[in-house]
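Notes follow the structure.
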Amino acid sequence: MINRNFQPFRVEQFLSETEHGVVFNFSESGVHPMSLQGLVELAGIDLDALLTTMIDYPQVNGKQSLRDTIAGLYPGASADGVLVTVGATEANTLVANTLLEPGDNVVCFRPTYEQISGNAANLGNEVRWVDLIESGGWAIDAEALERAVDDRTRIIHVVNPNNPTGRILTEADRARIVSAAERVGAWIVSDEVYAGTEREGDTETPSFWGSTDRVLVVNSISKAYGLPGLRLGWLVGPEDIIQHCWRRHEYASIAASMLSMELADKALAEPARSKLKARARRLIRTGFDVLTEELARHQGVFSVVPPQASAMSFVRFNLPIASEAFSMRLLREKDVLVIPGSRFGVENHFRFSSALPEDHLRNGLAKLNDLTGDILNGR
Ligand SMILES: Cc1ncc(COP(=O)(O)O)c(C=O)c1O
1 MINRNFQPFR
11 VEQFLSETEH
21 GVVFNFSESG
31 VHPMSLQGLV
41 ELAGIDLDAL
51 LTTMIDYPQV
61 NGKQSLRDTI
71 AGLYPGASAD
81 GVLVTVGATE
91 ANTLVANTLL
101 EPGDNVVCFR
111 PTYEQISGNA
121 ANLGNEVRWV
131 DLIESGGWAI
141 DAEALERAVD
151 DRTRIIHVVN
161 PNNPTGRILT
171 EADRARIVSA
181 AERVGAWIVS
191 DEVYAGTERE
201 GDTETPSFWG
211 STDRVLVVNS
221 ISKAYGLPGL
231 RLGWLVGPED
241 IIQHCWRRHE
251 YASIAASMLS
261 MELADKALAE
271 PARSKLKARA
281 RRLIRTGFDV
291 LTEELARHQG
301 VFSVVPPQAS
311 AMSFVRFNLP
321 IASEAFSMRL
331 LREKDVLVIP
341 GSRFGVENHF
351 RFSSALPEDH
361 LRNGLAKLND
371 LTGDILNGR
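Take 1 as the starting number for the sequence shown in full-length UniProt numbering and just add one per residue.
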């Protein structure tokens, strides 16, 4: 009938079942999205020219000029080493389908965005988790990484900056990951969708591209550029591997949409690209300050390792309630949505996205504080 061994994508399942129609949606991972009009104005798009776009099947691996622009972001990459996909989501799925063979294992860090791991599990591959250390600011446990990687490791999956912690890998951590991968000939699959959302400075998180031969980089315009509804992402890698991914892309989606490619081309060209990143960083910085101020109203209940990037904070709470029950009460009683830590395999946490207009953020946080008061008072 159906494949009962299927493992759902637990974060995305939670989101797609709860997020529509909620008044205070703090579950998104990107910044407040742009309107089409906002993008047209910011990028100086010629609307008359846009209206002449033929709604034909686009070039399947991605419009040439868009692939040229993307390749230009990665020193030494060629346009033939770029595949344009339906979001980073499709890119991640293609990578798992392309690289993994029976008996291979995949090494992932927890908590993370569990897409490569979920795909790997559904393909029947072993997933080896390396727990990040919260007391060290969600640092990598170097010894655990060494123990996890062996000669059947095909992929070391990295989300950098990470979802849900917002942590950016240190130079030393990057070097450890490269050396572990090189030791066994594994691929580093680096999901870099949050590069460009740095909270503490304007230096973009360095890509893994160029750090060793076996690297595949995944990215999209969903997060740092605030354009998730265009569903436009990409994969960068060695040309032969990109060709193999392209063959799977023909099965999965044929191509990203023509209009999305047109608009992505404009959004990624300078100066639009820098302006979009500056907008994201602005929203992220004020949003985080409001979040910490509001969470301080209940002393000793909430704590958070400040995210170095992204709109998200992975907030620890000290309340007598499980994270799933906390999120569901918040949704049902207060019309506020956050993602329970359980969806990332970590209890007593929730993921909160704060890169939103300030009034809306404060009003929703007041409701979260109301529920916190109720729980503390045994209600
Ligand atoms: C780390 C990570 N990768 C990929 C995605 C999917 O993004 P896209 O909208 O580009 O498909 C997300 C979305 O939350 C994410 O957090």
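For each residue, glycine too, the CB sits at the ideal point set by N, CA and C.
Tyr113: CB within 6 Å of a non-hydrogen atom of ligand 3 | Absence of ligand 3 from the depicted structure is noted, with ligand 1 being the only ligands included.
Neighbour-count burial assignment, His20, 16 or more Cβ in a 10 Å radius | Here residue 20 is taken as the residue at index 20 of the sequence shown, counted from 1. Taking all protein chains shown into account, His20 has fewer than 16 neighbouring C-beta atoms within 10 Å of its C-beta and is therefore exposed.
Could you round the C-beta distance between Asn92 and Val215 to whole angstroms and report it? I think they count as a contact, below 8 Å.
-> As a position in the sequence shown, residue 92 is number 92, starting the count at 1. As a position in the sequence shown, residue 215 is number 215, starting the count at 1. No, Asn92 and Val215 are not in contact; Cβ-Cβ is about 15 Å, not under 8 Å.
Closest by CA to Met312, which one among Asn3, Ser354, Pro102 and Ile155?
-> As a working note, residue 312 is residue 312 in the sequence shown. The residue with the shortest Cα to Cα distance from Met312 is Ser354.
Find out if the Cβ-Cβ distance for the pair Ala278, Ala43 is shorter than 7 Å.
-> Counted from its first residue, the sequence shown places residue 278 at position 278. Counted from its first residue, the sequence shown places residue 43 at position 43. With respect to Ala43, Ala278 sits apart: the two C-beta atoms are not nearer than 7 Å.
Classify Trp138 as helix, strand or coil using the three-state DSSP reduction.
-> Counted from its first residue, the sequence shown places residue 138 at position 138. Three-state DSSP puts Trp138 in coil, outside helix and strand.
Report whether the distance from the Cβ of Thr165 to the nearest heavy atom of ligand 1 is below 6 Å.
-> Taking the sequence shown and counting its residues from 1, the one referred to as residue 165 is at position 165. No, Cβ of Thr165 sits at least 6 Å from all heavy atoms of ligand 1.
Val95 Cβ short of 6 Å to ligand 1 heavy atom set = The residue given as residue 95 occupies position 95 in the sequence shown. No - ligand 1 has no heavy atom lying nearer than 6 Å to the Cβ of Val95.
Closest by CA to Glu143, which one among Phe314, Val130, Cys245 and Gln7?
-> Counted from its first residue, the sequence shown places residue 143 at position 143. Here the closest residue by C-alpha is Val130.
Three-pair Cβ contact test at 8 Å for the stretch 81–97 versus the stretch 225–233 = The stretch 81–97 makes contact with the stretch 225–233, as at least three CB pairs between them are under 8 Å.
How would you write the range of the alpha helix (DSSP H) that Glu182 sits in, first residue to last?
-> Against the sequence shown, residue 182 aligns to sequence position 182. In the DSSP annotation of this structure, the continuous segment of the alpha helix (DSSP H) that includes Glu182 starts and ends at Glu171 to Val184.
Tell me Phe24's beta-bridge partners as DSSP assigns them.
-> Here residue 24 corresponds to residue number 24 of the sequence shown, with the count starting at 1. Residue pairing by DSSP places Phe24 opposite Val336 in a beta bridge.
Taking just the CA atoms, how far does Thr18 sit from Ala96?
-> Counting from one through the sequence shown, the residue named residue 96 turns up at place 96. Counting from one through the sequence shown, the residue named residue 18 turns up at place 18. About 28 Å.
CB-CB under 7 Å to Ala309, same chain, minus the five flanking residues each way: which ones, in chain order?
-> By one-based count along the sequence shown, residue 309 stands at place 309. These residues qualify, in order along the chain: Pro161, Gly166, Ile168, Tyr194, Thr197, Glu198, Arg199 and Thr205.
With burial defined as no fewer than 16 other Cβ atoms inside 10 Å of the residue's Cβ, what is the status of Arg247: buried or exposed?
-> Here residue 247 refers to the residue found at position 247 of the sequence shown. Classified as exposed, Arg247 has fewer than 16 neighbouring CB atoms from the shown chains inside 10 Å of its CB.
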